[in-house]
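I have placed the structure first, in the form of structure tokens, so that the comments after it can refer back to it.
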Amino acid sequence: MSGPLSGPAEMPEGHTLHRLAQSINEHFAGQVVEVSSPQGRFVESANLVDGTGLVDAQAWGKHLFIGFEAHRWIHVHLGLYGTFDVHTGPPAPSVGQVRLRLVSPSRKGPDGAALTVSSTSYADLRGATTCDMITDSQRAAVIARLGPDPLRADSDPDRVWARISRSRAPIGALLMDQTVLAGVGNVYRAELLFRHRLHPLRPGSTLRRGQVGAMWQDLVELMRAGVSTGRVDTVREEHTPEAMGREPRRDDHGGEVYVYRRLGQPCHVCGSKVRTEVLAGRNLFWCPKCQPKFRSRAAAQ
DNA sequence: CCTCTATGGCGAA
DNA sequence: TCGCCCTAGAGGC
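Pasting the structure below:
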């Protein structure tokens, strides 16, 4: 594998999609692109935009929109294990279930004439849960359902506060709700709650405005770092493997984390064993000491 | 070989 | 709350 998306498997949370949008723009924006579906399942959609200009790719939360001329969009959602790898050089034969392939520059011009090019890029989409051709209004409808995205400069964190402050649902569930806030997945959820010392089951309505504001700002910084590095790193400087003299995390998740997938292992801060529980079908991870159970004023009396 | 699992989200009960 | 869809790697026999 080559190109900016190579390396350890990326976790498809919001940062992955924003990074992917950047990469697609670097390689394909402003160019006539070949679009094909080697797997065969999306041939008709691919044919609609094959040989037309790719205008730009945009990410909103975990959704990716690749814009082409004539107001056509490819809507991609990677789901649990989709990948969209961008490579430089002549396209390798497609292996496995390549659902969609972009090749640029096109070997044929708009008039069908062959183009002479010095370099090519190609991108293979595999395992995605969504890959649809949509219109401007369909794209707008998808975006309208999404909450503010920490990676978009025009996002309004007050909308997040409004949703969290009037909900009795656990903060751990609200953070994963893409209509509350777009782009957070299981890793950022677990890590954000740890960094803010919040028990995952604490009701959203018991949080103070300042806490929610601090979490938003933290997410903006953590996820921006994730876009530039392509991995999720959430431990503070004093808790890095180097600072603590422990072995770096060595699995396919890439980044240094406090609690995500560390069930039974000692907390980097207090040494307590990390706990887990399933909430709405997803694994929660937290430190019972650093993230103590919330006791309301009524319950404490 | 087989089974299990995961970073997500949808629709049916 | 459950089952289902998509893929790939790990571990068991």
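Going by my numbering, the first sequence opens with residue 22, and the numbers climb by one from there. We treat Cβ as the ideally placed atom computed from N, Cα and C, and that holds for glycine.
Which of the three DSSP states, helix, strand or coil, is assigned to residue i?
| i | result |
| --- | --- |
| Q159 | helix |
| H39 | helix |
| N304 | strand |
| L240 | helix |
| T109 | strand |
| L69 | helix |
| E259 | helix |
| V278 | coil |
| V119 | strand |
| S249 | helix |
| S44 | helix |
Name the residue from the options whose alpha carbon lies nearest to the alpha carbon of residue i.
| i | options | result |
| --- | --- | --- |
| I95 | N68, A113, S115, P114 | N68 |
| L213 | E298, K294, A203, Y281 | Y281 |
| F105 | A91, F86, E90 | F86 |
| V223 | I185, Y209, R93, D239 | At residue 223 the sequence reads Arg, which differs from the Val that was named. Considering only alpha carbons, the answer is I185. |
| D170 | P126, A80, W307, F306 | A80 |
| M236 | D71, Y209, H289, H108 | Y209 |
Mind checking residue i: buried by the 16 CB within 10 Å criterion, or exposed?
| i | result |
| --- | --- |
| E34 | buried |
| A211 | buried |
| C291 | exposed |
| S176 | buried |
| A144 | buried |
| G204 | buried |
| P269 | exposed |
| V253 | buried |
List the DSSP bridge partners of residue i.
| i | result |
| --- | --- |
| K294 | P287 |
| G78 | Residue 78 is actually Ala in this sequence, not Gly. Answer is I87, bridged to A78. |
| D153 | H96 |
| Y143 | H108, V124 |
| Q52 | L75 |
Residue ranges of each alpha helix (DSSP H) within the stretch 170 to 238, 4 or longer = Qualifying alpha helix (DSSP H) stretches, in chain order: 178 to 186, 192 to 195, 207 to 216.
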